[in-house]
Structures are given as C-alpha cells and as structure tokens.
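Count along the sequence shown from 1, then add 5; that gives the number in the working numbering.
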Amino acid sequence: MQATATVLVYSDNAHTREQVRLAAGRRPAADAPQIEILECATAPAVLEALEQGGIDVCVLDGETAPAGGMGVCRQIKDEIFQCPPVLLLIGRPQDAWLATWSRADAAVTHPLDPVAFADALAGLLRRRNLVQA
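In structure tokens:
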C-alpha cells in the first residue's frame, strides 16, 4: 500500500474545499492510505498540478465558475495522459447525466454527505490499487 495518496480538490469556494477536507478525513476508509489534499481554486491551477504529476484522485466541484468542474473533467480526460480518476460534486441527483457526459468516474451531490463522499473517494482509490490488499 502506498504511504499517502494525493487528492486534488478543485473549487472556487473555500467552504466547499473545507467540506471535502473534513469529509475525507485523514483516510477515507480503513484500507485506504492517508491522504494529502492539494487545493486548487482555478482551472489553470488544476491543469498545472496534473501536468506535474503525482495526483492520485481529483475531486472537482461542478458548481465552480467560470470553469465548472464538469467541463474541467471532460477537458482533463481528453488532454491528460493517464488522467487520475475524477469524483465530481454535482448540485442535484438529476445532474448525474452531466457527470456521465463529463466522463467522471463517480459523483456525489451537494451538500456533501461525509459517509457517501468518503465511500466514493475510497472506491476510486481502490480502483487505483492504492489500498491494502
């Protein structure tokens, strides 16, 4: 198991980024590695961080402006070689089709349910084989 996993969190809202940090905790599941959060408030910062590498999972806020998380997700899935899995924060359950369009690997709704969020994040870490066997 990897010692730590780096989770990129993109939102223009500091409160949303804080909610993600609190919901993820030190580790989202008992079999998951400890996580380090890298916060980004702009789309260019997300692209720069992904180009530098070392990101294990991305959490993108679909409600961010001017570049929403859904559009950023679709862009990085097209442009970043071996793009890490993306957990998209959507405004309402009916927006799940937009998460599918954006090629997100998972989606959870605002306001964040900490249990559902941690479960989705742990699932993406498992897909990346970053959990204890």
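Yeah, the Cβ is synthetic: ideal placement off N, Cα and C, and Gly gets one too.
Keep in mind that this is a model prediction, so the values were computed, not measured.
My assumption, with CB atoms under 8 Å, is that residue 14 sits in contact with residue 64. Please give the rounded CB distance.
Correct: roughly 5 Å between the Cβ atoms.
Residue 47, DSSP secondary structure in three states:
If DSSP states are grouped into helix, strand and coil, residue 47 belongs with coil.
So what's residue 55 in DSSP terms, helix, strand or just coil?
Residue state for residue 55 is assigned as helix, using DSSP reduced to three classes.
For the beta strand (DSSP E) holding residue 9, just list the boundary residues, first then last.
Taken as a continuous stretch (DSSP letters only), the beta strand (DSSP E) holding residue 9 covers 9-15.
Can you name the residues that DSSP bridges to residue 101?
Looking at the DSSP assignment, residue 101 forms no beta bridge with any residue, so it has no partner.
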